Amino acid sequence: MDQIHIRQLKLNAVIGVYPRERKAPQPVIVDLGLHTDLQLAGRSDQLTDTIDYASLVAYVRKAVAKSRFQLLEALAEHIADLCLREPRIAAVDVTVAKPGALPGIGVAVAIHRSRSSL
Numbered sequence: 014m015d016q017i018h019i020r021q022l023k024l025n026a027v028i029g030v031y032p033r034e035r036k037a038p039q040p041v042i043v044d045l046g047l048h049t050d051l052q053l054a055g056r057s058d059q060l061t062d063t064i065d066y067a068s069l070v071a072y073v074r075k076a077v078a079k080s081r082f083q084l085l086e087a088l089a090e091h092i093a094d095l096c097l098r099e100p101r102i103a104a105v106d107v108t109v110a111k112p113g114a115l116p117g118i119g120v121a122v123a124i125h126r127s128r129s130s131l
């Protein structure tokens with residue numbers, strides 16, 4: 014299956030289990046792999062035949078800004094669910110990274126979800 018990759022999407026989210034992490038939004042970096050058929054769009058050269066990733070990014074950005082998850086895993090699941098609301102996306106790979114999660118390191122989680130896993 015073809016993919017559209019959205020990389021290094023920089024967002025801010027209230028995320029973490031410790032009180033100090035929940036005081037203000039923190040940076041997270043999201044990478045998405047959207048599994049879809051790109052053949053028609055490749056032939057037609059029309060936005061209506063593919064995933065409008067600008068709209069999808071705006072949708073994800075707005076939802077993440079409102080979120081209040083404790084775990085990166087939960088945020089990744091939420092983002093996957095949002096992406097799979099687009100009927101042309103058959104599956105999605107989501108990586109959510111939290112730079113500076115621990116002193117001197119970043120942490121990331123990666124998940125793969127498909128329509129069949131809903």
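In the numbering used here, the protein residues as written are 14 to 131.
Cβ coordinates follow ideal geometry from the N, Cα and C atoms, glycine included.
Just so it is clear, the structure is predicted and the values come from calculations on it, not from any experiment.
Pairing Gln52 with Gln59, the inter-Cα distance amounts to about 11 Å. Under the DSSP assignment, Gln52 falls in the alpha helix (DSSP H) whose first and last residues are 52-57. Taking C-beta separations shorter than 8 Å and ignoring five residues to either side along the sequence, the partners of His48 in its chain run Met14, Asp15, Gln16, Ile102, Ala103, Ala104, Val105, Asp106, Ser127, following chain order. Within the DSSP bridge table, the entry for Asp15 names Thr49 as partners.
Taking a C-beta distance under 7 Å as the contact criterion, Val109 and Ala89 qualify as a contact pair.
Residue pairing by DSSP places Gln39 opposite Ala26 in a beta bridge.
Within 10 angstroms of the beta-carbon of Leu45 lie 16 or more other beta-carbons, which makes it buried. For Leu97, the CB contacts under 7 Å within the same chain, skipping 5 residues up- and downstream, are Val105, Arg126, Arg128, Leu131 in chain order. Val70 places its beta carbon 7 Å or farther from that of Leu95. Non-local C-beta neighbours of Tyr66 in its own chain, meaning closer than 8 Å and more than five positions away in sequence, comprise Ile17, Ile19, Leu47, ordered along the chain. Looking from the CA of Gln39, the closest CA among Tyr31, Val27, Asp50 belongs to Val27.
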